[in-house]
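Chemist:
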Amino acid sequence: MSEVIEAVEPTKAGHASKYTRNNPYTSAVTENYRLTAEGSEKETRHVALELEEGMQYTPGDAVGILAENRKSEVDMVLTALGFTGEERVLDHYKVEISLEEAVRTRLAIGKLTRSTINQYAKLVDPSTPIPRLAAMCGADGKAMAEEHCWGREFIDLLHEFPGVVKDPQKLFTVLQRLTPRMYSIASSQLAHPNRVETTVRVIRYDAHGRERQGLASGHMGERSPVGSTLPIFLHANQMFRLPEDTSAPIIMIGPGTGLAPFRAFLEERQAKGETGKNWLFFGDQRKKLDYLYEEQLEGMHKDGTLAHLDLAFSRDQQKKVYVQDRMQEKAADLYKWLEEGAYFYVCGDATRMAKDVETALLDVIAKGSHGTLDHAAEYLETMKKQKRYQRDVY
Ligand SMILES: Cc1cc2nc3c(=O)[nH]c(=O)nc-3n(C[C@H](O)[C@H](O)[C@H](O)COP(=O)(O)OP(=O)(O)OC[C@H]3O[C@@H](n4cnc5c(N)ncnc54)[C@H](O)[C@@H]3O)c2cc1C
Numbered sequence: 001m002s003e004v005i006e007a008v009e010p011t012k013a014g015h016a017s018k019y020t021r022n023n024p025y026t027s028a029v030t031e032n033y034r035l036t037a038e039g040s041e042k043e044t045r046h047v048a049l050e051l052e053e054g055m056q057y058t059p060g061d062a063v064g065i066l067a068e069n070r071k072s073e074v075d076m077v078l079t080a081l082g083f084t085g086e087e088r089v090l091d092h093y094k095v096e097i098s099l100e101e102a103v104r105t106r107l108a109i110g111k112l113t114r115s116t117i118n119q120y121a122k123l124v125d126p127s128t129p130i131p132r133l134a135a136m137c138g139a140d141g142k143a144m145a146e147e148h149c150w151g152r153e154f155i156d157l158l159h160e161f162p163g164v165v166k167d168p169q170k171l172f173t174v175l176q177r178l179t180p181r182m183y184s185i186a187s188s189q190l191a192h193p194n195r196v197e198t199t200v201r202v203i204r205y206d207a208h209g210r211e212r213q214g215l216a217s218g219h220m221g222e223r224s225p226v227g228s229t230l231p232i233f234l235h236a237n238q239m240f241r242l243p244e245d246t247s248a249p250i251i252m253i254g255p256g257t258g259l260a261p262f263r264a265f266l267e268e269r270q271a272k273g274e275t276g277k278n279w280l281f282f283g284d285q286r287k288k289l290d291y292l293y294e295e296q297l298e299g300m301h302k303d304g305t306l307a308h309l310d311l312a313f314s315r316d317q318q319k320k321v322y323v324q325d326r327m328q329e330k331a332a333d334l335y336k337w338l339e340e341g342a343y344f345y346v347c348g349d350a351t352r353m354a355k356d357v358e359t360a361l362l363d364v365i366a367k368g369s370h371g372t373l374d375h376a377a378e379y380l381e382t383m384k385k386q387k388r389y390q391r392d393v394y
């Protein structure tokens, strides 16, 4: 599930950055390598981007990436539409550009939406109706349209119902605007002054007979070699911050790419020599293939930056083990840390992990306090009020 945050991009000093989603910084890729080993079911990459002097971020912030549609996809869409790409259109700001540029950089030709189906159907010539398309529109067709959208992209609509778009400008009413994608910042600027680092899971899958890619993760996974450039902007997230009290303990739950902001937290605390204890729970499928930043994390564990490092590799044994299971195993210690005033952070998958972790946390509190789950819920409410329970889930 991807969500794009609508907001201005204040920097850590609180004043608006010169660079925003509408005026991005053209950043050079300085590192781009695979973190997961060959053979892993996932391709997760470390992508570092250079920053102009003065561009600042705080651990917990995100970086917005404005990616382009793949050339092969753009060409396919133009061919299916019967346009050359040289036609002139007005973009969202009424600036005249070529249709090719519009399809490549302005319009969302990825994941099909109901809104696109509805707008597309409006362009159908009434003298040659398309009953199947009409059936998907309006309230009655909602379920059918939603099912149709699954795994499909705009190109599939064009192939199935061709010849509908006669005026290229109409694409701006049919298709949504291409939006930036957010990535949690995985670095501390104290450790890497003029760059921002990200941990990107590349989305690839097959659907309806074609190989598909996520827009931004595909761009970074395949079309962003070192030395290439990407339009970016920094996005502050005041709701995900290290404790102001540098001696406060922190507990971080970050499986998969959820690890990213915690790498930033740890690098920051290490660079500042903060005394607060750090405890990280990380997990993924297989230790040999999916242990992101293994060397760095093991090093931090060894030198004491990480007081505890608990790992959950789900596929390394018969019974699947997840971060929430590790939390249950360490319930007594976890509760002790909470009682010492620890801050509890969760980052990563919103659909299942974040809920399972919250359930485990409530259980840990109930057990530790010898109380009921209702009491645990109250305890968690208090933690939220004290900003000691922070989540960055997507
Ligand atoms: C605050 C925040 C922080 C984030 N941090 C990170 C991070 O650190 N690292 C990271 O990797 N991501 C992160 N994300 C997610 C990231 O922003 C993107 O949503 C993600 O990379 C996918 O974007 P994309 O453009 O590659 O894919 P899109 O083009 O947006 O495509 C993704 C869509 O493809 C479809 N899809 C995916 N798989 C399948 C399948 N198997 N079958 C059918 N359809 C499928 C789904 O509809 C999915 O929504 C974060 C998101 C937020 C909001």
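Position 80, counted from 1, in the sequence shown is what full-length UniProt numbering calls 80; the numbers after and before it change by one each time, with no gaps.
Glycine included, each C-beta is placed from N, C-alpha and C at the ideal position.
For residue 224 and residue 32, I'd like the C-alpha separation in whole angstroms.
Modeler: 8 Å
Chemist: Roughly how far, in whole angstroms, is the beta-carbon of residue 124 from the beta-carbon of residue 104, given that I think they are within contact range, below 8 Å?
Modeler: Not a contact, Cβ separation roughly 26 Å.
Chemist: Between 66, 231, 333, 305, which has its C-alpha nearest residue 264's C-alpha?
Modeler: If we check each option's Cα against that of residue 264, 305 comes out closest.
Chemist: What residues are listed by DSSP as bridge partners for residue 184?
Modeler: 62
Chemist: Given a threshold of 16 other Cβ atoms within 10 Å of its Cβ, counted over all protein chains shown, does residue 193 qualify as buried or as exposed?
Modeler: exposed
Chemist: For the 8 Å Cβ check, are there 3 or more pairs between the segment 67-86 and the segment 318-337?
Modeler: no
Chemist: Can you give, in chain order, each stretch of the beta strand (DSSP E) that sits fully within the segment 87-125 and has at least 3 residues?
Modeler: Counting only runs of 3 or more, we get 88-90, 96-98.
Chemist: In whole angstroms, what separates the C-alpha of residue 214 from that of residue 360?
Modeler: 32 Å
Chemist: Quick one: what's got a C-beta closer than 7 Å to residue 159's C-beta in the same chain, skipping five residues either side?
Modeler: 80
Chemist: Should residue 215 be counted as a contact of ligand 1 given a C-beta to heavy atom distance under 8 Å?
Modeler: yes
Chemist: Should residue 279 go down as buried or exposed, given a rule of 16 or more other Cβ atoms within 10 Å for buried?
Modeler: Buried, by the Cβ-count rule.
Chemist: Can you determine whether any heavy atom of ligand 1 sits closer than 8 Å to the C-beta of residue 199, and answer yes or no?
Modeler: yes
Chemist: Heavy atom of ligand 1 less than 8 Å from the Cβ of residue 186, yes or no?
Modeler: yes
Chemist: Is the segment 248-256 in contact with the segment 336-347, if contact means three or more CB pairs nearer than 8 Å?
Modeler: Contact between the segment 248-256 and the segment 336-347 is present, with at least three C-beta pairs closer than 8 Å.
Chemist: Check whether the segment 50-58 touches the segment 181-196, taking contact to mean three or more Cβ pairs, one atom from each stretch, closer than 8 Å.
Modeler: yes
Chemist: Could you tell me the boundaries of the alpha helix (DSSP H) in which residue 299 lies?
Modeler: 294-302
Chemist: Tell me the DSSP secondary structure of residue 162 in three-state form.
Modeler: coil
Chemist: Measure from the alpha carbon of residue 38 to the alpha carbon of each residue in 290, 204, 139, then state which is nearest.
Modeler: 290
Chemist: I want to check one thing, is the minimum distance from the CB of residue 106 to the heavy atoms of ligand 1 below 8 Å?
Modeler: no
Chemist: Rounded C-beta distance between residue 186 and residue 307? I'm assuming under 8 Å.
Modeler: Contact doesn't hold; Cβ gap of about 21 Å is too wide.
Chemist: Would you mind sorting residue 277 into buried or exposed? The rule is 16 or more other CB atoms within 10 Å of its CB.
Modeler: buried
Chemist: Just the Cα atoms here: how many angstroms apart are residue 323 and residue 101?
Modeler: 44 Å
Chemist: Check for me: the alpha helix (DSSP H) holding residue 149 runs from which residue to which?
Modeler: Segment 142-149, the alpha helix (DSSP H) holding residue 149.
Chemist: Measure the CB-CB distance between residue 68 and residue 111 and report whether it falls below 9 Å.
Modeler: no
Chemist: For residue 215, which of helix, strand or coil comes out of DSSP?
Modeler: The answer is helix: DSSP assigns residue 215 an H, G or I state.
Chemist: Give me whichever residues DSSP pairs with residue 27 in a beta bridge.
Modeler: 230
Chemist: Nearest to residue 296 by CA position, among 272, 266, 285, 240, is which residue?
Modeler: 266
Chemist: Note down the Cα distance separating residue 201 from residue 59, rounded to an integer number of angstroms.
Modeler: 20 Å
Chemist: Within a Cβ cutoff of 6 Å, which residues of the same chain sit near residue 383, ignoring the five residues on either side of it in sequence?
Modeler: 389
Chemist: What is the rounded straight-line gap between the Cα of residue 164 and the Cα of residue 235?
Modeler: 39 Å
Chemist: Quick check on the burial criterion: 16 or more other C-beta atoms within 10 angstroms. Buried or exposed for residue 162?
Modeler: exposed
Chemist: Go ahead and label residue 36 buried or exposed: buried means 16 or more other beta carbons lie within 10 angstroms of its beta carbon, across all protein chains shown.
Modeler: Label assigned to residue 36: buried.
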